[in-house]
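From first to last, the protein sequence lines stand for chains A and B.
FYI, the numbering for the first sequence is 295 to 493, going by our numbering.
FYI, the numbering for the second sequence is 1104 to 1324, going by our numbering.
C-beta: ideal position from N, C-alpha, C; glycine also.
All of these numbers come straight from a predicted model, not from anything done at the bench.
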Amino acid sequence: MNKYLGILKKGIYHENPIFHQMLGVCSALAVTTRVKNALVMTIAVILVSAGTNGIVSLMKNSIPKKIRLIIEVLIIATLVIVFDLVLKAYYYPMSKQLGPYVGLIITNCIILGRAEAFALQNKFLPSVVDGVANGIGYGFILLFVSIIRELLGSGTIYGLQALPSGFKPAQAVLLAPGAFIIMGVLIWIVRAWQLKGDK
Amino acid sequence: MISSDTLKSEEKKLMKHTNIYSLIFSFVIASVCGAILLGTHKLLIKKVSLNQRIEKISSLMKIAGIDLNNINKKELEKIFKTNFTREKLTENSFRYKYILNTKIKSYIYPLDGNGLWGPIHGYIAMEPDLLIVKGIIFTHQEETPGLGAEIAHKNFYSKFIGLKITENAQSNKIVLHVKKSGTKNSPNEVDGITGATETIKGVEKMVNKTIKIIILSRGKK
């Protein structure tokens, strides 16, 4: 049990994919204009990452080493397309809003990175936990950034009015440079804080 | 230093699987993945295309001036079936007629063109006089978010509403133009989007192509 807790903690905090491994930053910038978008994206990444890790770990002994990357990408692509189709069928407006970014999970380095670095060396269950942990770690940041951006950019949180109507939204926060700045400041604060804890 | 023994065992590990094995392995995995995708597609495609159809007819209805709040999907289909008719104009152009209580409320024409990165589409709804724009909507697939993609937002397309496409209902000279941001100089021109010049040029071309069709169809009320 403790082992799993350790994996979870690592993925979410100590080795957070965005803060420490600097993976998946592209989509983190793109989908964080609304909390709702970030939430759906997080669910997608958790499912795909856990699924890929699980499958890859199951066939870690039979997968030919020379072509393992192609096989891994194939598995990721399959899972992502399935998720995309389900989204299109049951939550069409959201699928419209996320646009190409669901499909781009295929190239999200978090998933391939974890399959390579963890699932190929570990058993099924720890691998799934690691996938979930990294998905949550990624989602955590997404939620945080999207709350800041939606609040300052639209004056709402999760679509609900959060600031008085007199507030004038700052559109700059919704554009890509705004996301870079917020993400940068966030990484700076968290790293400084974690360093302090280490000393 | 790595001893030659460990190097050899590493090499062995790498060679554990023969090429034939790799080939068969990838073939099996690809088939399984393909089957899964095919199955999911078959299972969900009906629902997906229904969603796409609902989206299409609701945007048609919205620009024709119908308030879509509190209307569910079934009613949407019903209103569309009873009040909208598709009318062929020439070999490759058509329009929708929106009729309410035997009175023509609007004519709607499709828009098709190219943006910066990919195709752009939309619909333009005209008042029954075929002179004034009643509503317009744009969709795109891959325009730059924050720049070209802004054409799909209300801030941009609402600028078209109420504009004249020609000076009067008899004139053939197009006066509605989409201009590069900051160069608008007549009341029937639309101010573009800063940083999205190419997309805006595409919109201008697309809208003008359809306006020509509208002018030609004026006789066919």
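In the DSSP assignment, Leu1192/B falls outside any alpha helix (DSSP H) and lies within the beta strand (DSSP E) extending over 1187 to 1193.
For the segment 356 to 369 of chain A, the set of positions with a beta-carbon nearer than 8 Å to some beta-carbon of chain B reads Ser356, Ile357, Pro358, Lys359, Lys360, Ile361, Ile364, Ile365, Leu368, Ile369 in chain order. Only residues of its own chain outside the window of five on either side were considered, and among them Gly447 have a CB closer than 7 Å to the CB of Gln465/A, listed in chain order. One Cα belongs to Ile399/A, the other to Met335/A, and the distance between them is close to 9 Å.
No Cβ-Cβ contact shorter than 8 Å links Thr1286/B with Glu1246/B. For Lys1237/B, the CB contacts under 8 Å within the same chain, skipping 5 residues up- and downstream, are Ile1166, Ala1167, Gly1168, Ser1209, Ala1228, Met1229, Glu1230, Ile1264 in chain order. The Cβ atoms of Ile364/A and Ser1129/B sit closer than 8 Å to each other. Annotation: Cβ neighbours of Leu1140/B in chain A (cutoff 8 Å, chain order): Thr372, Ile375, Val376. Inclusion of Tyr432/A and Val325/A in the CB contact set at 8 Å is not warranted, their separation being larger than that value.
Proximity to Glu1292/B across Asn1311/B, Ser1196/B, Ala1299/B peaks at Asn1311/B, based on C-alpha coordinates. Residue environment analysis places His1243/B among the buried positions, since at least 16 neighbouring C-beta atoms fall within 10 angstroms of its C-beta. Distance from the CA of Thr327/A to the CA of Gly478/A, rounded to the nearest whole angstrom, comes to 16 Å. Under the 8 Å criterion on CB atoms, Val1151/B is classed as interfacial with respect to chain A. In the structure shown, the three-state DSSP call for Asp1215/B is strand.
Within 10 angstroms of the beta-carbon of Asn347/A lie 16 or more other beta-carbons, which makes it buried. Distance check between Tyr386/A and each of Ser1152/B, Gly1216/B, Leu1141/B, Lys1315/B places Ser1152/B closest, using alpha-carbon atoms only. No Cβ-Cβ contact shorter than 8 Å links Phe1187/B with Lys1176/B. Annotation: Glu1246/B is outside any alpha helix (DSSP H) and is labelled neither H nor E by DSSP. For the pair Ala411/A and Val350/A, the CB atoms are not nearer than the 8 Å cut-off. In this structure, Leu1141/B keeps its C-beta atom at 8 Å or more from the C-beta atom of Ile375/A.
Taking a Cβ-Cβ threshold of 9 Å, none of the residues of chain B is close to Ala322/A; the smallest such distance is about 14 Å. Going by beta carbons, His1280/B and Glu1253/B fall outside the 8 Å limit. Annotation for Gly449/A: Leu457, Phe461, Pro463 place their beta carbon closer than 6 Å to its own, counting only its chain and skipping 5 residues before and after. Residue environment analysis places Gln315/A among the buried positions, since at least 16 neighbouring C-beta atoms fall within 10 angstroms of its C-beta.
In its chain, beyond the 5 residues on either side, Phe1241, Thr1242, His1243 have a beta carbon closer than 7 Å to the beta carbon of Ala1255/B. Excluding sequence positions up to five before and after Lys1304/B, its CB lies less than 6 Å from no other CB in the same chain. The C-alpha of His1144/B lies about 16 Å from the C-alpha of Ser389/A. Take Val422/A, set aside five residues on each side of it, and the residues of its chain with a beta-carbon closer than 7 Å to its own are Ala344, Asn347, Gly348, in chain order. Take the alpha-carbon of Leu381/A and the one of Gly1322/B: they are about 45 Å apart.
Identification of residues in the segment 1192 to 1206 of chain B having a C-beta nearer than 9 Å to some C-beta of chain A yields an empty set. Straight-line measurement puts the Cα of Gln455/A at about 32 Å from the Cα of Trp487/A. Contact annotation for Ile1132/B against chain A: Ile365, Leu368, Ile369 [CB-CB distance below 8 Å, chain order].
Taking all protein chains shown into account, Val339/A has 16 or more neighbouring C-beta atoms within 10 Å of its C-beta and is therefore buried.
Per DSSP, the unbroken beta strand (DSSP E) holding His1280/B starts and ends at 1280 to 1282. Identification of chain B residues near Ala473/A by a Cβ-Cβ cut-off of 7 Å yields none; the smallest Cβ-Cβ distance measures about 10 Å. If you draw a straight line from the Cα of Phe313/A to the Cα of Arg443/A, it is about 18 Å long.
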